[in-house]
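Heads up: the sequence shown at position 34 corresponds to 34 in the UniProt record's numbering, and the numbers run straight through without jumps. Structure record follows, encoded as structure tokens.
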Amino acid sequence: MNLLHLKYAVEVAKTKSINQAAKNLYMNQPNLSRAIKELEDSLGVNLFRRTSKGIIVTPQGEEFLVHARNILDQVDEIEAMYKQGKSSKQRFSISVPRATYISAAFAEFIKLIDQTKPIDIFYKETNSIRAIQNILQSNYQLAIIRYQEVFDRYYETTFNENGLSYELINEFSYCILMSKGNPLSYKKVLEASDLEDGVEIAYGDPYVPALSATEAIKEEFSTNINKRINIYERGSQFDLLLKVPNTFMRVSPLPQEYLDKYNLVQIPCKSDKRIYRDVFICKKGYQLTDLDKLFLKKVKEAIEASKL
């Protein structure tokens with residue numbers, strides 16, 4: 001078994017097709033099939049199951065692929081560490097919740113990157129399960145995930161079972177975000193009953209370990225709201241809030257500059273006692289790069305700028 005075998009297995013798992021994996025690896029299909037068979041024989045397990053619909057990863061294969069990806073990531077890190085001068089790329093990858101304060105921090109972070117050197121950056125807004133999967137399966141180095149405080153135990157179990165380090169970086173209650181044109185915008189504090197006639201804009205893919213999708217939605221969404229628009233990206237929320245006056249969102253506190261820019265207000269909701277946590281995660285043993293540290297610094301500055 002060698003590094004090429006690991007790369008082959010990861011590519012087959014990614015494409016779920018020997019033929020497509022061979023094309024991506026610029027090799028012929030028989031040679032790739034032979035290499036995968038040699039790898040399975042050397043390990044004494046079947047990593048993949050061939051079906052009429054394509055390749056399926058076996059449970060033993062899933063376990064193997066976690067370690068294979070970790071090894072390949074470490075090799076990439078070692079290679080990057082010893083590349084000198086302008087030829088070495090500035091690499092950064094993170095998955096985050098759809099939060100304006102984090103997006104603001106990311107913009108400030110990008111402004112400080114050395115533009116004279118090659119840059120390879122991935123920034124993805126998604127829910128917590130996909131953020132975790134991106135670290136374990138898709139070569140992302142970092143993530144920030146969001147969850148309710150009451151689910152701490154579930155997430156800590158998930159982190160520990162998957163070899164992830166974690167650090168709390170922000171704790172808050174959601175505030176209600178709305179246009180200054182909303183009839184409720186004059187209030188200093190809101191009650192849940194104030195929102196019953198409004199239209200809630202919500203991200204439609206909440207996730208909680210050990211809960212079904214239906215149960216997670218019940219935990220996350222208010223039962224007293226019967227008009228809801230589910231969105232899956234952050235860009236449309238400001239247009240909806242501005243152009244539909246009775247809309248609102250439950251959000252982490254925003255920096256004042258964004259409230260001013262989009263003519264919005266954020267108001268505490270007295271009856272919503274839920275506490276949320278934004279937690280930074282990475283693989284155990286991963287050494288933060290200078291770029292990683294710079295991004296986290298900007299996130300913490302944005303948190304301070306967003307406090308109500």
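Here a beta-carbon is modelled for each residue, glycine too, at the ideal position from N, C-alpha and C.
Tell me whether GLU304 is buried or exposed, calling it buried when 16 or more other Cβ atoms sit within 10 Å of its Cβ.
-> As a first step, residue 304 must be located in the sequence shown, where it is residue number 304. Exposed, since its Cβ has fewer than 16 Cβ neighbours within 10 Å.
Alpha-carbon spacing of GLN84 relative to ASN2, whole angstroms | Taking the first residue of the sequence shown as 1, we reach residue 84 at position 84. Taking the first residue of the sequence shown as 1, we reach residue 2 at position 2. Note that GLN84 scores a pLDDT of 49, beneath 50, so its modelled location is shaky; the value from the coordinates is reported in the next line. About 26 Å.
Is VAL244 helix, strand or coil when you go by DSSP?
-> Your numbering for residue 244 matches position 244 in the sequence shown. Coil at VAL244, not helix or strand.
Can you tell which of LYS284, PRO253 and LYS297 has its C-alpha closest to the C-alpha of ARG98?
-> Within the sequence shown, the letter at position 98 stands for residue 98. Answer by Cα proximity: PRO253.
Find out if the Cβ-Cβ distance for the pair TYR258, THR100 is shorter than 7 Å.
-> One-based indexing of the sequence shown puts residue 258 at position 258. One-based indexing of the sequence shown puts residue 100 at position 100. The answer is yes: Cβ separation under 7 Å.
Compare the beta carbon distance of residue 314 and ALA192 with 7 Å and say whether it is the shorter of the two.
-> It is not possible to answer for residue 314, since the shown part of the chain is limited to 1 through 308.
Straight-line gap, ASN134 to LEU264 (C-alpha atoms, nearest Å) = Counting from one through the sequence shown, the residue named residue 134 turns up at place 134. Counting from one through the sequence shown, the residue named residue 264 turns up at place 264. Each residue's Cα considered, the two are about 33 Å apart.
Are the region 162–173 and the region 103–122 touching, with three or more C-beta to C-beta distances below 8 Å?
-> no
Rank TYR174, ASN162 and PHE109 by C-alpha distance to the C-alpha of CYS269 and give the top, closest one.
-> Against the sequence shown, residue 269 aligns to sequence position 269. Checking every option, the nearest Cα to that of CYS269 belongs to TYR174.
Do LEU142 and CYS282 come within 7 Å of each other at the CB atom, strictly closer than that value?
-> The residue you call residue 282 lines up with position 282 of the sequence shown. The residue you call residue 142 lines up with position 142 of the sequence shown. Cβ atoms of CYS282 and LEU142: closer than 7 Å.
Measuring alpha carbon to alpha carbon, tell me which of LEU43, ILE176, GLU196 and ARG277 ends up nearest PHE151.
-> To locate residue 151, count along the sequence shown from 1; it is residue 151. It is ARG277 whose Cα lies nearest to the Cα of PHE151.
Minimum C-alpha distance to LEU72 - residue among LYS7, LYS243 and LYS23 | The count along the sequence shown starts at 1 and reaches residue 72 at position 72. Checking every option, the nearest Cα to that of LEU72 belongs to LYS7.
Please state if the CB of GLU11 and the CB of ASN24 are separated by a distance shorter than 7 Å.
-> If you number the sequence shown from 1, residue 24 lands on position 24. If you number the sequence shown from 1, residue 11 lands on position 11. Yes, the pair counts as a contact, with Cβ atoms nearer than the cut-off.
Could you tell me whether the Cβ atoms of GLN266 and LEU177 are closer together than 7 Å?
-> As a working note, residue 266 is residue 266 in the sequence shown. As a working note, residue 177 is residue 177 in the sequence shown. The answer is yes: Cβ separation under 7 Å.
Which residues DSSP lists as bridging ASP278, in chain order | The residue you call residue 278 lines up with position 278 of the sequence shown. For ASP278, which the question treats as bridged, DSSP gives the partners ARG146 and ASN170.
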